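A.B. asks: Just so we're on the same page, my numbering is the position in the sequence shown counted from 1, plus 27. Every residue, glycine too, gets a C-beta built ideally from N, C-alpha and C. Since we're looking at a predicted model, the values are computed, not measured.
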Amino acid sequence: MIFSYHLKEIHHASDFILKNIKSKTVLFDGDLGSGKTTLIKNISMKIGSKDNISSPTFPILNIYESNNEKIYHADLYRIDNVLDLNEIGFFDIINEKKWIFIEWPKKIIEYFEHPYSHIKIKIDDSKKRTLEIKNYEI
Numbered sequence: 028m029i030f031s032y033h034l035k036e037i038h039h040a041s042d043f044i045l046k047n048i049k050s051k052t053v054l055f056d057g058d059l060g061s062g063k064t065t066l067i068k069n070i071s072m073k074i075g076s077k078d079n080i081s082s083p084t085f086p087i088l089n090i091y092e093s094n095n096e097k098i099y100h101a102d103l104y105r106i107d108n109v110l111d112l113n114e115i116g117f118f119d120i121i122n123e124k125k126w127i128f129i130e131w132p133k134k135i136i137e138y139f140e141h142p143y144s145h146i147k148i149k150i151d152d153s154k155k156r157t158l159e160i161k162n163y164e165i
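1. Should Ser-153 go down as buried or exposed, given a rule of 16 or more other Cβ atoms within 10 Å for buried?
2. With Asp-102 and Pro-83 assumed to form a contact (beta carbons below 8 Å), what rounded beta-carbon distance in angstroms separates them?
3. Count the other CB atoms within 10 Å of the CB of Gly-116; is the residue buried (16 or more) or exposed (fewer)?
4. Label Tyr-138 either buried or exposed according to how many other C-beta atoms from any shown protein chain fall within 10 Å of its C-beta, with 16 as the threshold for buried.
5. Sorted by chain position, which residues of the same chain lie with C-beta nearer than 6 Å to Lys-97's C-beta, five sequence neighbours on each side aside?
6. Do Val-109 and Ile-135 have their beta-carbon atoms positioned less than 8 Å apart in this structure?
7. Look at the Cβ atom of Thr-157, then the Cβ atom of Ile-37, and state whether they are nearer than 8 Å.
Encoded structure:
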C-alpha cells in the first residue's frame with residue numbers, strides 16, 4: 028500500500044497508516060529528516076496520547092500514555108549491539124502486544140517473532156513524501 032503526501036497533510040498520512048496496518052508493532056524506515064518522528068507523533072495523538080512526543084535518539088526508548096495503554100517509541104539509530112537492548116527490556120516490550128513504534132529497525136528485524144507492519148518513507152525533490160506499508164505475518 029502506497030500513499031503520498033506533503034508534510035502539511037500529515038494527518039491524512041496518519042489516518043492512512045492507522046487504517047492499513049495490521050499490527051501494533053510498527054517499524055519506520057527512512058533517511059534522516061524524512062519525518063519518521065513527526066508521523067509517530069501524529070499517530071500517537073490520534074490513538075489518544077496527550078504526551079509530548081519527541082525523538083528517543085538519546086534515551087533510545089520513550090514511553091507515552093494513551094487511554095490507559097502505553098505507547099512505546101524506540102529509536103535504534105545509535106544501537107551498535109542488539110544485545111544492549113536487553114538492558115532496557117526491549118524484547119519483553121515487543122512481546123507485550125502494545126503499541127510500539129520503532130525507528131531505524133534494520134538491526135533488529137531478524138529477531139521479530141510476531142506480526143509487524145513496516146513503513147518505508149521516501150522524500151522526492153519537491154519534499155513530497157511517499158510511504159509504503161507492508162504487513163508481515165510471522
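C.D. replies: With the structure as the only source:
1. By one-based count along the sequence shown, residue 153 stands at place 126. So Ser-153 counts as exposed.
2. On the sequence shown, position 75 is the one that residue 102 refers to. On the sequence shown, position 56 is the one that residue 83 refers to. About 5 Å separates the two Cβ atoms, so the contact holds.
3. Taking the sequence shown and counting its residues from 1, the one referred to as residue 116 is at position 89. Exposed, since its Cβ has fewer than 16 Cβ neighbours within 10 Å.
4. Sequence index remark: in the sequence shown, residue 138 carries index 111 (1-based). So Tyr-138 counts as exposed.
5. Taking the first residue of the sequence shown as 1, we reach residue 97 at position 70. The answer, listed in chain order, is Ile-90, Lys-125.
6. Sequence index remark: in the sequence shown, residue 135 carries index 108 (1-based). Sequence index remark: in the sequence shown, residue 109 carries index 82 (1-based). Yes, these two residues count as a Cβ contact at 8 Å.
7. Here the question's residue 157 lines up with position 130 in the sequence shown. Here the question's residue 37 lines up with position 10 in the sequence shown. No, the pair does not count as a contact, with Cβ atoms beyond the cut-off.
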